[in-house]
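Take the position in the sequence shown, starting the count at 1, then add 1; the result is the number in my numbering. Using N, Cα and C, we set each Cβ at its ideal position, and we do this for glycine too.
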Amino acid sequence: MFSSQEDKSIPQVTLHTRQGDSWVDVTTDKMFKDKTVIVLSLPGAFTPTCSSSHLPRYNELSDMFKKHGVNSILCVSVNDTFVMNVASLRASVTALPFRCFA
Numbered sequence: 002m003f004s005s006q007e008d009k010s011i012p013q014v015t016l017h018t019r020q021g022d023s024w025v026d027v028t029t030d031k032m033f034k035d036k037t038v039i040v041l042s043l044p045g046a047f048t049p050t051c052s053s054s055h056l057p058r059y060n061e062l063s064d065m066f067k068k069h070g071v072n073s074i075l076c077v078s079v080n081d082t083f084v085m086n087v088a089s090l091r092a093s094v095t096a097l098p099f100r101c102f103a
């Protein structure tokens, strides 16, 4: 089992992501600095278990996360950025900003 990474530093890097039809550079500072962020990983976007169980549960809990000070949810998977862009759009997390990254 992994130990908690709470309060650990995130390296300062720039991620090249897709938003709609555009390339957008996002820095880890912009995503994490002075924020409380949930970071989760999936074995693959659109796999049956991830699509039917994992991601919907984060949507169900997003209001509670927000009430407890969470600013956003970030999902990381092995898929390419194009697939993860579509996964972000289909995740249906409504209470918090939700982004998927490759």
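Rounded to whole angstroms, the separation of the alpha carbons of ILE39 and ALA46 is 17 Å. In the three-state reduction of the DSSP assignment, ASP35 falls in the coil class. Per the coordinates, the alpha-carbon of ASP81 lies some 18 Å from the alpha-carbon of PRO49.
Residue state for SER5 is assigned as coil, using DSSP reduced to three classes.
For HIS55, the three-state secondary structure derived from DSSP is helix.
Take the alpha-carbon of LEU16 and the one of ALA88: they are about 17 Å apart. In the DSSP assignment, PHE83 falls within the alpha helix (DSSP H) that extends over 82 to 91.
For GLN13, no beta strand (DSSP E) segment is defined, and its DSSP state is neither H nor E. Only exposed fits ILE11, as fewer than 16 other CB atoms lie within 10 angstroms of its CB.
Around the beta carbon of PHE3, fewer than 16 other beta carbons lie within 10 angstroms, which makes this residue exposed.
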